[in-house]
Every structure is written in C-alpha cells, then in structure tokens.
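Trainee: Below is a structure I'd like to ask you about.
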Amino acid sequence: MKTQFKLSLLGTSLLVGAASLATPAFAQDQEQDQAASGDSTIVVTGSLISNPNIERAAPVNVTSSDEIDLLQSNVAEEILREIPGIVPSIGSAVNNGNGGNSFVNLRGLGSNRNVVLLDGTRLVPATLAGQFDLNNVPLALIERVEVLTGGSSTTYGADAISGVVNFITRQDFAGLEVTAASQITEQGDGHTVRFDVTTGANFDDGRGNVVLSVGYQQADPVYQGDRKIGQNTIGSFSGAGAGSGTAVPSRLTLPGSGTLQINPAGNALVGTYAPFNFSPDNIFQTPFERFNIFGAAKYEVTDGIEVYTRGLFSKNTVDTIIAPSGSFGIAVTIPLSNPFLPAGIRNQFCNAFDFNAAVAGTQPLTAAQCTAAATATSPTDPNYRTITTALFRRAVEAGPRISNYQNTVFDYKLGIRGGITDTIDFDVFGSYGQSDQVQTIKGYTLNSRFRQGLLATNPNTCLDTSNGCVPLNIFTPTEGGLTPAMVNFLVAESTVQTKTTLAQARATVSGDFGVASPFANDPISFAVGGEYRKYTAQQASDSLARSGDLGGAGGAAPNINGQYDVYEAIGELVIPVVQGKPFFEDLTIEAGIRYSDYTVDDPASPGYTTTTWKAGGSWTPVTGAKIRGFYARAVRAPNISELFSPVNTGLTSLTNDPCASINDAGQRFRAAPTGVVRDVCLAQGANAGNVDSINVPIAGQANATSGGNLALGAEKSNSYTIGAVFEPSFIPGFSMTIDYYNIKISGAITTPSPDDALDACFNAPSVNNPACTIIRRDPITGGLNGDPATTAGLFVGLSNLGRLATDGIDLTMNYRRDLGFADLALSFVGNWTNKSTFQSTPTSINRDCVGIFSVNCGSLQPEFQWTTRATLGFEGADVSLLWRHIDSFQYEFFNDGVAATPDLFTGVPLGYTNQENFNTIPSYDYFDITTRFDLMENLTVTLTVQNIFDKKPPLVGSEAGTTSFNSGNTFPSTYDALGRRFGVQARLRF
Numbered sequence: 008m009k010t011q012f013k014l015s016l017l018g019t020s021l022l023v024g025a026a027s028l029a030t031p032a033f034a035q036d037q038e039q040d041q042a043a044s045g046d047s048t049i050v051v052t053g054s055l056i057s058n059p060n061i062e063r064a065a066p067v068n069v070t071s072s073d074e075i076d077l078l079q080s081n082v083a084e085e086i087l088r089e090i091p092g093i094v095p096s097i098g099s100a101v102n103n104g105n106g107g108n109s110f111v112n113l114r115g116l117g118s119n120r121n122v123v124l125l126d127g128t129r130l131v132p133a134t135l136a137g138q139f140d141l142n143n144v145p146l147a148l149i150e151r152v153e154v155l156t157g158g159s160s161t162t163y164g165a166d167a168i169s170g171v172v173n174f175i176t177r178q179d180f181a182g183l184e185v186t187a188a189s190q191i192t193e194q195g196d197g198h199t200v201r202f203d204v205t206t207g208a209n210f211d212d213g214r215g216n217v218v219l220s221v222g223y224q225q226a227d228p229v230y231q232g233d234r235k236i237g238q239n240t241i242g243s244f245s246g247a248g249a250g251s252g253t254a255v256p257s258r259l260t261l262p263g264s265g266t267l268q269i270n271p272a273g274n275a276l277v278g279t280y281a282p283f284n285f286s287p288d289n290i291f292q293t294p295f296e297r298f299n300i301f302g303a304a305k306y307e308v309t310d311g312i313e314v315y316t317r318g319l320f321s322k323n324t325v326d327t328i329i330a331p332s333g334s335f336g337i338a339v340t341i342p343l344s345n346p347f348l349p350a351g352i353r354n355q356f357c358n359a360f361d362f363n364a365a366v367a368g369t370q371p372l373t374a375a376q377c378t379a380a381a382t383a384t385s386p387t388d389p390n391y392r393t394i395t396t397a398l399f400r401r402a403v404e405a406g407p408r409i410s411n412y413q414n415t416v417f418d419y420k421l422g423i424r425g426g427i428t429d430t431i432d433f434d435v436f437g438s439y440g441q442s443d444q445v446q447t448i449k450g451y452t453l454n455s456r457f458r459q460g461l462l463a464t465n466p467n468t469c470l471d472t473s474n475g476c477v478p479l480n481i482f483t484p485t486e487g488g489l490t491p492a493m494v495n496f497l498v499a500e501s502t503v504q505t506k507t508t509l510a511q512a513r514a515t516v517s518g519d520f521g522v523a524s525p526f527a528n529d530p531i532s533f534a535v536g537g538e539y540r541k542y543t544a545q546q547a548s549d550s551l552a553r554s555g556d557l558g559g560a561g562g563a564a565p566n567i568n569g570q571y572d573v574y575e576a577i578g579e580l581v582i583p584v585v586q587g588k589p590f591f592e593d594l595t596i597e598a599g600i601r602y603s604d605y606t607v608d609d610p611a612s613p614g615y616t617t618t619t620w621k622a623g624g625s626w627t628p629v630t631g632a633k634i635r636g637f638y639a640r641a642v643r644a645p646n647i648s649e650l651f652s653p654v655n656t657g658l659t660s661l662t663n664d665p666c667a668s669i670n671d672a673g674q675r676f677r678a679a680p681t682g683v684v685r686d687v688c689l690a691q692g693a694n695a696g697n698v699d700s701i702n703v704p705i706a707g708q709a710n711a712t713s714g715g716n717l718a719l720g721a722e723k724s725n726s727y728t729i730g731a732v733f734e735p736s737f738i739p740g741f742s743m744t745i746d747y748y749n750i751k752i753s754g755a756i757t758t759p760s761p762d763d764a765l766d767a768c769f770n771a772p773s774v775n776n777p778a779c780t781i782i783r784r785d786p787i788t789g790g791l792n793g794d795p796a797t798t799a800g801l802f803v804g805l806s807n808l809g810r811l812a813t814d815g816i817d818l819t820m821n822y823r824r825d826l827g828f829a830d831l832a833l834s835f836v837g838n839w840t841n842k843s844t845f846q847s848t849p850t851s852i853n854r855d856c857v858g859i860f861s862v863n864c865g866s867l868q869p870e871f872q873w874t875t876r877a878t879l880g881f882e883g884a885d886v887s888l889l890w891r892h893i894d895s896f897q898y899e900f901f902n903d904g905v906a907a908t909p910d911l912f913t914g915v916p917l918g919y920t921n922q923e924n925f926n927t928i929p930s931y932d933y934f935d936i937t938t939r940f941d942l943m944e945n946l947t948v949t950l951t952v953q954n955i956f957d958k959k960p961p962l963v964g965s966e967a968g969t970t971s972f973n974s975g976n977t978f979p980s981t982y983d984a985l986g987r988r989f990g991v992q993a994r995l996r997f
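Residue numbers (the numbering used here): 8 to 997.
In structure tokens form, the structure reads like this:
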C-alpha cells in the first residue's frame, strides 16, 4: 500500500498537478501526462487543493512549473526577480560586488533575513553571511516555488524574518525528459544555453521511486560598452564625462594644489581633466558555466515505513569582469632622479614640497638644488632627493580585473518516515552540506610593486632589485607607458578560499489527537519535534589578498574562521473550532512555538536562547469567502561573518564628502571648507596643504572600516498579516487573495549608511565630537580614498541598534474560462509597498527607501509593482503574454532645498541629444510573449520574445546609487539593460 504523510510542521504543503489556477489547458495536459507516471497524491493537512494560497492562514505566493517554463529562466534568480515584493539582490546583473553567487531579498529587508528551502529543508549556505546561492537550485525538477511572507522562525528556525522561499521538486517522476534551451539578444550577444536530462522510475510495484537529473547552463558576458547607455561613464551630478580619478594620464598630489594630472603634452601637472571611463569595461550580464546533478529516491521498506534520500551536487564557474587595476591613490616615493620623470614635473615637485622639515614652513629646492637632484642616482649622494605623493594611475596595459569563482556544492539528506498509528506519523532525517569556493584574482597590480618600481634612478634597474623589479614609467600622457615587462612585474594572481558547512537533524511527530471540537468535524492536529543545526564557515586568503596589496580590490580579505550550533524544541497546533455551521463553514486557529539554545564557538563560550511563536487563524463564513490572519514573533541569529570578521577597511558607496570641493573632472563645485567644518576636516587627517582642494570620492566610492562583533545578539521581529480569499460561485473559474503584511525588526544587526556616518559628525561638527574624529582621511590627499593601511575612511561598526520596518498589500487574481475555441487563463500578482524604513542607530535618520534611489538605499524597491499574464490555450498549442509593471522612482534628495545635497543633473548628457532628468525614473512596463506547440507527440517547442518593444533602461548616471546596483549609468538589476531577447526551448518526453 502507499503511505500518505501529513507534514504540517514542515510546511511543505505539496500539491498535485498545476499550482496555478491560471494554467492553460495545454500545460494541464502535459502535467497530467507526468502525473500519470506515478502516484503524486499527497495529503496536505487533511485536504487536497490546487493552490496553497487558498488554504493557509499565512499568505503564500506560488510560481508553478508552467510559469517557470513560460519565463524561459536559466537560473532560479531570474524566476524570483519577477515576483512583486521581491527586491533584486546580488545576481547575474550585478558585476562590481558580485561574489560569484545569486541571492533573494524578500521585502527589501536583506538577503540574509530569509530562508531558502528545497522541499522544506535548508541547504548549505554559500557565504559567511549564511546566504544560499540560488545558482544551485535544480530547475529541471522544480514543480513550483512557494514564497511565504512574514516571520517563519517558528516553523523553519532563525533567519526567516522576512519569509521563506521553498523550491518544491516533482514527486514520483517516471520517464525520461530532455530539455534544451537557448537565448540571444537582438544585438547578437548575451547568448545563454541550458540543457537538462531527467529520468525516473517507479519500482517494486510502486513501493519505490528513483529520479536523477543532470543539467548544464552557460551564459556569455554582455559588456556595458556594447550598449549606448554604457559607452560613457556619465556623472550623475554633471551629466558630463565622469568616471574614476584613477586614470591615464596619471594623477599626483602637490602640497597646496591638491590632486593634479599630467597634461596632454606630458610635461607638467595641471588641474585634473580626464577621468577614466570605466563603464565600457564592465558588464551587464555576468558570464557563468554550471554543471549540476540532483538525485532522489524513496522506498517503502514495509507497510507504513519509508526510507528516503536526496543528493545535490553543483559546480559553478562565474567570472566577474571590471575595469583595469592600478594605483588607487596610494602613497609612493619618487626620486627626483627617476629616469622617466619629465623635467617640468620635476620642477613642480622641487617648488612645492618641503625638503627640510627641521625649518618651519615649506622649504623648496632652489633651481640649482633641483638640477643636482636630477642627476643624483645613488641614495648615498648628498644631492639625492625624493618626494612622497599620492599616485592615481590606471594600469590599462594590464587588461581588466577578473575574479574567477569556482563554486562546488554538495548536500545530502537521508531520512525515514512512517506511521506510528493510523493518525500519527513520524519523520526523522539528517543532512550534511558543504560549499567550497575558490576565488582566483587575476589582472590586479600590487601596491608594493608600484612603490618598488618607482624607486629607480635608471631605466633598467630599481634601487631594490628583489622580485625581478622593473622601473615603471607612469609619466606618459597616454596609455602604453607600462611595457609588457613592467606589467609582468606589477601583476600577480591571488586566491581566496571560502568553505561553509551545515549539518542538521530533525525529528518530528505529527498527526491528530483523535478528538475534535464539539462544533467541528476535523480533529485537532499537532506536531512536536526537535532540531539541531551546526554551521561552520571559514575564509582562507593567501598573503597577497590578506595583506591588502592588490590594487583596487576594495581592501584586504582577512582570514575568518567561526562556527555555532543550536538545539531547538518545536510544537504546533491546528484546531478546527467550528465547521459546517451557518456563517461558520470553517473557523480554524493555529499556533506554534520554538525554543532555541545557541552556542557560539569562542573561548568565552557566549550563548543565548530565543523563543519564537506564531498564532493565526482563518474564518470561512460562507463557501467562497475566507478571512485569514497571522501574527508571528521571529528572530535572526547573527551569522558567522557578523560574529567573527576581523576589523577591516573596504569600500562603500559615497558621493558627497562635506570636506571635498573638487570633482573628478578637476572642477571646483563648491567653496573649500571654512570655520568649524575646516577644523573637523583637519582633525580627521587632512592638512593645511590639501584641505582646500580635497577631491570627491573616486568613482563614488570611499573607504569604510567595519568588523564582526561577538557581543551581537539575535534580531527580533514582530510581523502580522491579515487578508481575504474569494472564490465566488457566481464567477466560475475566478479566485482572488488580498493580504496586508506588516513586519517590524528591532535590535537589527546593522551598520550605518554612508550618509548616516557623515551626518553623525557634520550635523553637529566639532573636533570634540567622537563621530567626527573616528573618521580618518588620507594624510596626503585629505580625501576618504586611499591606501587602507593609512586611510580608514568612515567607521561603520556592527551593532544591534538598528530598526527596520515594512508594510504593504499583496493582491493575486486568477481567472480561467473555456471560450469554446480556446481556454482563456488570466493571472495577476501585484504588490503595494507602503514603506520600507531603515534606521541604523536611534540617532540616525529613519530612512524610507520605497520609490527612492540613492547611495543610502541599495537596490530599488518600487511602491507599486505587478505581473499579469494572459494565455490562450488551444489544442496542442498556446500563446501567452506577460506584462510587468514597475512604479516610478525619485532621487532621495531631489528638490530638498539643501545645498549640501544637490539635485542630480537635468539637461542633455554626454552622448545623448535629448534632455534628461536624472532625478526621476518614470514607471516602466515590459512585455514578453511566448508560444508553445507540440511539434510531435512527445516533443514540445517553446518560443519566447522578451522585452518585445525593446524598452531602454533609464539613464541616471554613474553616482546615483550604490556601486553594486547602479552600474552602466542605470540600475541593471531592476531594468532590462540587454534589450529585446529571443529564446527557444525544445522538450522531449517519454
């Protein structure tokens, strides 16, 4: 006999057939064929339904396998990106800031505040922050994706503050399915391929099933320079050519003059005029290659007892490609007798630098002394002189910076389940997963080699001949000054290895008590259990990555090693209170509780306990109408990165430095600081020689220092949802759900935003304000960029002082009707976000980022967003149109009237002929069309055109948001930067 299990505690709620009411008849036929090959009937808390959104007290958004098929997605991240209420996270459209992974960000609360499951079970995370890499999801076997809103820690444990994403695989698959798919843009680039082979069989008279799926995916890069919007780096405030101050020709600092640039003739230092145009070298689509294997088996060893197992293996290769490396404002010492130093620049050095610190004031060299220093080739020569300056030189001769990520993941699960009595079941499983990433860093120059190669007094040898030193020529006005020999000396490879593991075990007993409420028919159900999880993570860097010697790497990659474990006890109840009564077709209440005991692996053995709970219910007054609501207390435990990362200086996004008065183009855009602000700038590390000519952060990036904190405790959240479900009998085939959600997080583990860190100082500037003196500037330039060893920049420490909150409404509608000549299927999934606020400390701004973009808000979160699909299903074919809507956005400081936060550019930007307003982004609408048809009895072909009207992305310049999400002068994770794309898929079934 076949045993059916009630797994209410695990929340899997597995379904039969199509998961969407709006699935066309053509797709229904395919799924019925698949279902016929095996017993796919699974009991779900006593009922069999077609959509979990209709049954649960907590709202669930469902994306069916049919919708996945119509989307023609290559990876799971692309599926989730289309669901309203999910904010784009790190993924294939993120270049600078992509660590070789793809994540999901529910409700804009952060990719570390949700849990990703496979068939109701956690998988090993890919990062030290505990995030699961969506690239490892076996798409070929996914039956549907369920997104559960709100605190779910009672059911799934810590981290499920914003919700849960559950990928559910097809059960009892039997047969053979081969799928091949390909996409390409209208420009002829961005080619992607996907190939999957899945086979399965039932055996021993249906007592067992085994399935194996093997897949391959590959994507080519799309360079930003291959699209008009990415051909120039455009200043968000100027509309002119912008980019990075680390450029060619080189920039160097002179006392009293600030940062200057070698003139086109190559014989003098003048005001900066030519920033480096880095956009064309970056990419809109990250290239990757992936192999994956997924296998599952189950066998009923005896009546009522089943052993099951699941194994997943994935190997991904991801390349991130960004503009060339170089010397990003590091301090270098140059002899006045350097063989490549032009005479004009040498004279400027002689006249500007202080060559006698023992005498007050600046003591330059005389003309005779300067001439003598030019020929003093030995440090022992009394005429030998050097100067120390900050060097900004892009090593374009070395080619792009490439980080090659080799990600290998395996996750294995083994369990046994069965019936204790006719109404009580048990389920016991254990699993172990391990993720290994090897990052190979290529094309990066070494800061130490720039310093060594400039200490030369002849063109053939350095003063320090170690490392095969080659003297460097950084004084040419055009690229080519660095010869191949120089490049070979400058460049080195480096590696960083990251390993994470997750070991977990869970045992549950669930069923019913055999008793019911006096007013109900269904018995009271329960679940109790225990769970154990152990996380370990480590980052091991080689000496180059660990030292911070890589030019433009964003800081050092320190060694990190940590672990923690948790023991938990769980209990849940489902009580049908009233059933089958007037105005009470059904009244059911639910409740659950989880107690967790955490131990952190530290000599002090810190630990803490948490208790999470939930309560909710649903009321069906009449058939076809239901009111539902849920309240939950959830927690998020600090992850290994937040606990164990050492203090380190990296990069953050910043466009406005109150001490800066010179932009990347060398133009003074405001007066130099005066009064108390000037005093503060000096107290932070600037000096009298540079404070009047400080440059804005290079390429919109500044140094920032942070680190882990073993004193961190768990975040706490309170969330509730209230909504209604309608299936009116007078509109056959129609269903609607509407739900209000509200999530508040206190004690949030956060760091201040860049503006928060500056506001804490400059809203009350004083040399005695600790928020001012903790900011540290480059002693040579006075700016917030520079060598991390000397320039800590902003301090953005981790604490439990943050608060986050969001609320909004989700609306789904489905309608299906037989038109006679075809089946019509309509679906609508929409979200209205009322607010999404973030406050890093009690004294910081409580910033609402809905409908706003800036460096403080990260990825874009619209107020309104919806996806609607219309499908006509014919005999053996269907046609489907998808409409995606994204609401408008506005720059955070637009029209605020504050001089310190100017508006973005309005006018005709570089490379364009029409007037643009960078301060606003209008609402966007994208349309995709898909058709499927049976070419043969077992062969289905799907053709897709995405972005059929070739809608261009909005133009906002390069400094309108954070580096990860504002790239190529737009926001490519939110808007389509590739243009119209064509896709074809063939699926063969036996």
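Just so you know, even glycine gets a beta-carbon here, dropped at the ideal spot from N, CA and C.
1. Check this for me: beta carbons of L826 and A877, under 9 Å apart or not?
2. For S159, tell me which candidate among I341, A65, L462 and P961 has the shortest Cα-Cα distance.
3. Mind checking I448: buried by the 16 CB within 10 Å criterion, or exposed?
4. Got a sec? Which residues, its chain only, sit under 6 Å from T813 by beta carbon, not counting five neighbours each side?
5. Tell me the DSSP secondary structure of A778 in three-state form.
6. Can you give me the Cβ contacts of M743 inside the same chain, cut-off strictly under 6 Å, excluding the 5 residues immediately before and after it?
7. Since N143 contacts S321 with CB under 8 Å, what's their CB separation in whole angstroms?
8. Need the endpoints of the alpha helix (DSSP H) that P491 sits in, please.
9. Using 8 Å for Cβ pairs, my map puts L148 next to F283. What's the rounded Cβ distance?
10. May I ask you to report which of helix, strand or coil DSSP gives Q355?
11. V123: beta carbon under 8 Å from a heavy atom of the ligand FMN?
12. When the Cα atoms are used, what is the spatial distance from A829 to F835?
13. Within its chain, find whatever has a CB closer than 8 Å to the CB of T502; leave out the 5 residues flanking it on each side and keep chain order.
14. Do I567 and Q545 come within 9 Å of each other at the CB atom, strictly closer than that value?
15. Taking the alpha carbon of N697 as the reference point, which residue from P786, S980 and Y223 has its own alpha carbon closest?
16. Mapping DSSP to helix, strand and coil, what is N209?
17. What residues match up with F320 in a beta bridge as DSSP calls it?
18. On the premise that L867 lies in contact with T981, defined as a C-beta separation below 8 Å, what is that separation, rounded to the nearest angstrom?
19. Looking at the secondary structure, which residues open and close the alpha helix (DSSP H) in which I427 lies?
20. How many Å lie between Q922 and G707 at the Cα?
21. What does DSSP give as the partner residues of A632 in its beta bridges?
22. Please identify the residue among V339, D326, E486 and L889 whose C-alpha is closest to the C-alpha of F107.
23. What residue range does the beta strand (DSSP E) around N454 cover?
24. Are there three or more Cβ pairs, one per stretch, closer than 8 Å when the stretch 330–347 is compared with the stretch 802–813?
25. Write down the C-beta distance between L917 and I241 rounded to the nearest angstrom, noting that I regard them as a contact closer than 8 Å.
26. So, is T452 buried or exposed, given that buried needs 16 or more other C-beta atoms within 10 angstroms?
27. Could you give the C-beta distance for S579 and G537, rounded to a whole number, given that I count them as a contact under 8 Å?
28. Count the other CB atoms within 10 Å of the CB of I738; is the residue buried (16 or more) or exposed (fewer)?
29. Nearest-angstrom Cα distance between T52 and N121?
30. Residues in the same chain with beta-carbon distance under 6 Å from I431, minus the five sequence neighbours each way, listed in chain order, please.
31. Classify G692: buried if its beta carbon has 16 or more other beta carbons within 10 angstroms, exposed otherwise.
32. What are the boundary residues of the beta strand (DSSP E) that Y574 is part of?
33. In whole angstroms, what is the alpha-carbon distance linking T324 and F769?
34. Where does L55 sit, in a helix, a strand or coil, going by DSSP?
35. Less than 9 Å between the C-beta atoms of S851 and Y898, yes or no?
36. Where does V857 land, buried or exposed, given buried means 16+ other C-beta within 10 angstroms?
Mentor: Judging by the given coordinates:
1. Numbered from 1 along the sequence shown, position 819 holds the residue referred to as residue 826. Numbered from 1 along the sequence shown, position 870 holds the residue referred to as residue 877. No; because the gap between Cβ atoms is not below 9 Å, this pair is not in contact.
2. Residue numbering aside, residue 159 sits at position 152 when the sequence shown is read from its first letter. Checked all of I341, A65, L462 and P961; the closest Cα to S159 is A65.
3. On the sequence shown, position 441 is the one that residue 448 refers to. So I448 ends up on the buried side.
4. Position 806 of the sequence shown, counted from the first residue, corresponds to residue 813. Within the same chain, Cβ atoms closer than 6 Å to the Cβ of T813 are found at R114, I750 and S843, the five residues on either side in sequence being excluded.
5. Walking along the sequence shown from the start, residue 778 turns up at place 771. Three-state DSSP puts A778 in a helix.
6. For the purposes of this step, residue 743 is taken as residue 736 along the sequence shown, with counting starting at 1. Taken in chain order, the residues that qualify are F733 and M820.
7. Along the sequence shown, one-based indexing puts residue 143 at 136. Along the sequence shown, one-based indexing puts residue 321 at 314. Rounded, the Cβ-Cβ distance is 4 Å, consistent with contact.
8. As a position in the sequence shown, residue 491 is number 484, starting the count at 1. Per DSSP, the continuous alpha helix (DSSP H) segment holding P491 begins and ends at P491 to L497.
9. Position 141 of the sequence shown, counted from the first residue, corresponds to residue 148. Position 276 of the sequence shown, counted from the first residue, corresponds to residue 283. Actually they do not touch by this definition, with Cβ atoms about 46 Å apart.
10. What you label residue 355 is simply residue 348 of the sequence shown in a count that begins at 1. In the structure shown, Q355 sits in a helix (DSSP, three-state: H, G or I).
11. This structure lacks the ligand FMN, and indeed carries no ligand of any kind.
12. Your numbering for residue 829 matches position 822 in the sequence shown. Your numbering for residue 835 matches position 828 in the sequence shown. If you take the alpha carbons of A829 and F835, they lie about 20 Å apart.
13. The sequence position of residue 502 within the sequence shown is 495, counting from 1. Once the five neighbours on either side are set aside, the close Cβ partners of T502 are V445, Q446, T447, I448, S548, D549 and A552.
14. Position 538 of the sequence shown, counted from the first residue, corresponds to residue 545. Position 560 of the sequence shown, counted from the first residue, corresponds to residue 567. Their beta carbons are under 9 Å apart, which means Q545 touches I567 by this criterion.
15. Working through the sequence shown from its first residue, we reach residue 697 at position 690. Considering only alpha carbons, the answer is P786.
16. One-based indexing of the sequence shown puts residue 209 at position 202. N209: strand per DSSP, three-state reduction.
17. Counted from its first residue, the sequence shown places residue 320 at position 313. DSSP links F320 through a beta bridge to I300 and F417.
18. Numbered from its first residue, the sequence shown carries residue 981 at position 974. Numbered from its first residue, the sequence shown carries residue 867 at position 860. 5 Å between Cβ atoms; contact.
19. For the purposes of this step, residue 427 is taken as residue 420 along the sequence shown, with counting starting at 1. Note, I427: premise wrong, no alpha helix (DSSP H); not H, not E.
20. Here residue 922 corresponds to residue number 915 of the sequence shown, with the count starting at 1. Here residue 707 corresponds to residue number 700 of the sequence shown, with the count starting at 1. Rounded to the nearest angstrom, the gap between the Cα atoms of Q922 and G707 is 24 Å.
21. Your numbering for residue 632 matches position 625 in the sequence shown. Per DSSP, V629 and F733.
22. Looking up residue 107 in the sequence shown gives position 100. A small correction: the amino acid at residue 107 is Gly; Phe does not occupy that position in the sequence shown. In terms of Cα proximity to G107, the closest of V339, D326, E486 and L889 is D326.
23. Stepping through the sequence shown from its first residue, residue 454 is reached at position 447. Annotation for N454: no beta strand (DSSP E) segment contains it, though the alpha helix (DSSP H) segment containing it runs N454 to L461.
24. Cβ pair count under 8 Å is below three, so no.
25. To locate residue 917, count along the sequence shown from 1; it is residue 910. To locate residue 241, count along the sequence shown from 1; it is residue 234. Cβ-Cβ separation between L917 and I241: approximately 5 Å, consistent with a contact (criterion under 8 Å).
26. Locating residue 452 in the sequence shown gives position 445, where the first residue counts as 1. Within 10 angstroms of the beta-carbon of T452 lie 16 or more other beta-carbons, which makes it buried.
27. Looking up residue 579 in the sequence shown gives position 572. Looking up residue 537 in the sequence shown gives position 530. According to the sequence shown, residue 579 is Glu rather than Ser. Not confirmed; about 13 Å, so no contact.
28. Numbered from 1 along the sequence shown, position 731 holds the residue referred to as residue 738. Classification of I738: exposed, given that the 10 Å Cβ count is below 16.
29. Reading the sequence shown from its first residue, position 45 is the one you call residue 52. Reading the sequence shown from its first residue, position 114 is the one you call residue 121. Here the model assigns T52 a pLDDT of 24, short of 50, so the residue's position is not dependable, and the following value carries that caveat. Rounded to whole angstroms, T52 to N121 spans 24 Å at the Cα level.
30. In the sequence shown, residue 431 corresponds to position 424, counting from 1. Taken in chain order, the residues that qualify are G518.
31. Within the sequence shown, residue 692 is the residue found at index 685, counting from 1. Under this definition G692 is a buried residue.
32. Taking the sequence shown and counting its residues from 1, the one referred to as residue 574 is at position 567. Where Y574 is concerned, the enclosing beta strand (DSSP E) stretches over I567 to K588.
33. Numbered from its first residue, the sequence shown carries residue 324 at position 317. Numbered from its first residue, the sequence shown carries residue 769 at position 762. One alpha carbon belongs to T324, the other to F769, and they sit about 45 Å apart.
34. Reading the sequence shown from its first residue, position 48 is the one you call residue 55. Confidence at L55 is low in this model, with a pLDDT of 22, below 50, so the placement of that residue should be treated as unreliable; the coordinate-derived value is given next. Coil.
35. Translated into the one-based positions of the sequence shown, residue 851 becomes position 844. Translated into the one-based positions of the sequence shown, residue 898 becomes position 891. Taking 9 Å as the Cβ cut-off, S851 and Y898 do not qualify as a contacting pair.
36. Numbered from its first residue, the sequence shown carries residue 857 at position 850. Residue burial annotation: V857 is buried, with at least 16 other C-beta atoms found within 10 angstroms of its C-beta.
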